[in-house]
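**Student:**
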Amino acid sequence: MAPKQKSPVYVLGVGMTKFIKPRGKVDYTELGYEAGVKALLDAHISYDDVDQGIACYCYGDSTCGQRVFYQFGLTKIPVYNVNNNCSTGSTGLAMGRTLIANGAADCVMVVGFEKMNPGSLQSFWKDRENPTGTTAKMMAETRGVTNAPGAAQMFGNAGREYMEKYGAKAEDFAEIARVNHAHSPNNPYSQFQQVYTLEEVLKSPTIHDPLTKLQCCPTSDGGAAAILVSQEFLDQRPHLKSQAVEIAGQCLATDGASVFSRSAIDLMGYEMTQHAVKTATGEAGISPRGVQVVELHDCFSANEMVAIDALGLSDKGKAHELVRKGDITYGGKYLVNPSGGLISKGHPLGATGIAQCAELVWHLRGWANNRNVANTRYCLQHNLGLGGAVVVTVYRRADGGFAPKLDSKAVGEVNGLGYNPAVEARGFTKTQAEAVMSKKARNDWALQDTLQKVESRF
3 MAPKQKSPVY VLGVGMTKFI KPRGKVDYTE LGYEAGVKAL LDAHISYDDV
53 DQGIACYCYG DSTCGQRVFY QFGLTKIPVY NVNNNCSTGS TGLAMGRTLI
103 ANGAADCVMV VGFEKMNPGS LQSFWKDREN PTGTTAKMMA ETRGVTNAPG
153 AAQMFGNAGR EYMEKYGAKA EDFAEIARVN HAHSPNNPYS QFQQVYTLEE
203 VLKSPTIHDP LTKLQCCPTS DGGAAAILVS QEFLDQRPHL KSQAVEIAGQ
253 CLATDGASVF SRSAIDLMGY EMTQHAVKTA TGEAGISPRG VQVVELHDCF
303 SANEMVAIDA LGLSDKGKAH ELVRKGDITY GGKYLVNPSG GLISKGHPLG
353 ATGIAQCAEL VWHLRGWANN RNVANTRYCL QHNLGLGGAV VVTVYRRADG
403 GFAPKLDSKA VGEVNGLGYN PAVEARGFTK TQAEAVMSKK ARNDWALQDT
453 LQKVESRF
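Structure representation (structure tokens):
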């Protein structure tokens, strides 16, 4: 069991871009800048208040983080560049929390961004060992190899094993995707906004049984940012306590020995998810079944099935029964992936974990008023990357209470923006952007024309 954090850490501000198809229309500098400005505006602070910066991305050269952060100002703060596969964004959040909880910082800005290529994930390094090479070899030895994308094969095989061992059916996986697509139109930042029937999900092109195309997440361009602060920082701004959300429990874990047990489910990080959720919920003082809203890593519907099981939201081998009962959507036991999840919201790797955080922060504030559930007190986040790493986080309000009911007009008055960013994806003005950039160390050469480019899209 990991030691308890030394002091509380809060999410004070969040912001994100729309997630879009990767078509080369926007650069990572713009994605990171837009998300960062929105998070600073949301936190009611300026970049001069930020002690340390953490940049999260998988595709890009070294020091892309500095390129993004310098746009806010050349304040000489430490900037860390993080790459942990699909769990990169939440790894950045975990790093920020660790820094603050142990007294190394009072305010950390975490920015995730990704400019991706269309199509399935590819490695750019052909002259060296792939970090998931041993995983691929185990898959080849136990389940064989097809022409389908590698990740779809790996997670699809986990779905097949769940069917073989526990009696899940293809329709159960399709229902997961149907639910996520149904949730997506309520999220203005989602890449996909279309609702599908179960039959349409099942009849979409087969990728790797039981997975069809509509059960697979797309590649995406997007950015998301979060401002993490200490208790002291928050105490100095008592007027912001109502919007602060505490990271009540968190664990970043890597694989245990079972990953190479020849089980397709174990190969996808089942054990590390189990360990992470036990540690995170233990720190928060709750059971996994004590949460109301969940954002979990549904890169494929099969992984949502396995994650529901590994997180302890169902009895072992019973995740498909939870799905059949409608217990992953409105009116059920949990609300899972109200954002649309990776399947429908999109999956820009470095931004995904931070976007999950933003979604849950909005729920606990009472801002996600078009997709919330009553009596929300605890939210659970699960973000996983093969290779491997997983971060599980429990969130609660700073006051420990239930999420209030707020209409969007009230939200717009509270945040000073005049609108509710949880239900409406708007931009910002030049004046707003300049208000949160560094006053003492702004540098227009570092900014270049990013502000104009971002503003022109709104």
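For any residue, its number in our numbering is found by taking its place in the sequence shown, counting from 1, and adding 2. C-beta atoms are modelled at their ideal positions from N, C-alpha and C, and glycine is treated no differently. A quick note: this is a predicted structure, and the numbers were derived from the prediction, not measured.
1. Buried or exposed for H241, please, with buried defined as at least 16 other CB atoms from any protein chain shown within 10 angstroms of its CB.
2. Name the DSSP bridge partner or partners of D223?
3. Mark P1 as exposed unless 16 or more other C-beta atoms lie within 10 angstroms of its C-beta, in which case mark it buried.
4. Can you give me the C-alpha to C-alpha distance between K411 and R428, rounded to a whole angstrom?
5. In whole angstroms, what separates the C-alpha of S341 from that of C381?
6. What three-state label does DSSP hand T378 in the structure shown?
7. Can you tell me which residues form a DSSP beta bridge with F115?
8. Under 6 Å Cβ to Cβ from E361, same chain only, skipping five residues before and after it: list those, please.
9. Reducing DSSP to helix, strand and coil, say where G62 ends up.
10. Could you tell me whether the Cβ atoms of M111 and G62 are closer together than 7 Å?
11. How far does the beta strand (DSSP E) with Q252 in it extend, from its first residue to its last?
12. Please tell me whether G225 and L33 are closer than 7 Å, where the distance is taken between their beta carbons.
13. If I follow the unbroken alpha helix (DSSP H) through E323, where does it start and stop?
14. Among C66, R130 and A57, which residue has its Cα nearest to the Cα of L95?
15. For V81, which residues from the same chain have a beta carbon less than 6 Å from its beta carbon, with the 5 sequence-adjacent residues on both sides left out?
16. Hey, quick one: how far does the alpha helix (DSSP H) through H398 stretch, first residue to last?
17. Between D451 and F194, what straight-line distance do the alpha-carbon atoms span, to the nearest angstrom?
18. Would you kindly work out how many angstroms separate the C-alpha atoms of L324 and Q454, rounded to a whole number?
19. Cβ of A304 within 7 Å of Cβ of A400?
20. Verify whether the separation of the beta carbon atoms of L269 and M165 is less than 7 Å.
21. Mapping DSSP to helix, strand and coil, what is Q358?
22. So, with DSSP's three-state summary, where would you put I56?
23. Label F460 either buried or exposed according to how many other C-beta atoms from any shown protein chain fall within 10 Å of its C-beta, with 16 as the threshold for buried.
24. For S48, collect the residues of the same chain with a Cβ closer than 6 Å to its Cβ; drop the 5 residues on either side in sequence, then sort them by chain order.
25. If the criterion is Cβ atoms closer than 7 Å, does the pair G75 and G91 meet it?
26. Provide the residue(s) that pair with C218 in DSSP beta bridges, ordered along the chain.
27. How big is the Cα-Cα spacing for N119 and P24?
28. What is the rounded straight-line gap between the Cα of V416 and the Cα of L313?
29. What is the DSSP secondary structure of Y12, reduced to helix, strand or coil?
30. I need the DSSP call for T283, collapsed to helix, strand or coil.
31. Short of 6 Å in beta carbon distance, which residues of its chain neighbour G15, apart from the five on each side in sequence? Order them along the chain.
**Tutor:** Answer, in terms of the structure:
1. exposed
2. I22
3. Outside the modelled stretch of the chain, which goes from 3 to 460, sits residue 1, for which no answer is possible.
4. 15 Å
5. 13 Å
6. coil
7. G225
8. E297 and S341
9. coil
10. no
11. V247 to A255
12. yes
13. A321 to R326
14. A57
15. G55, G67, Q68 and F71
16. One point to set straight first is that residue 398 is Arg, not His, in the sequence displayed. It is not in any alpha helix (DSSP H) - R398 instead sits in the beta strand (DSSP E) that spans A391 to R399.
17. 29 Å
18. 48 Å
19. no
20. no
21. helix
22. strand
23. exposed
24. V438
25. no
26. F302
27. 6 Å
28. 35 Å
29. strand
30. helix
31. A41, D44, A45 and I229
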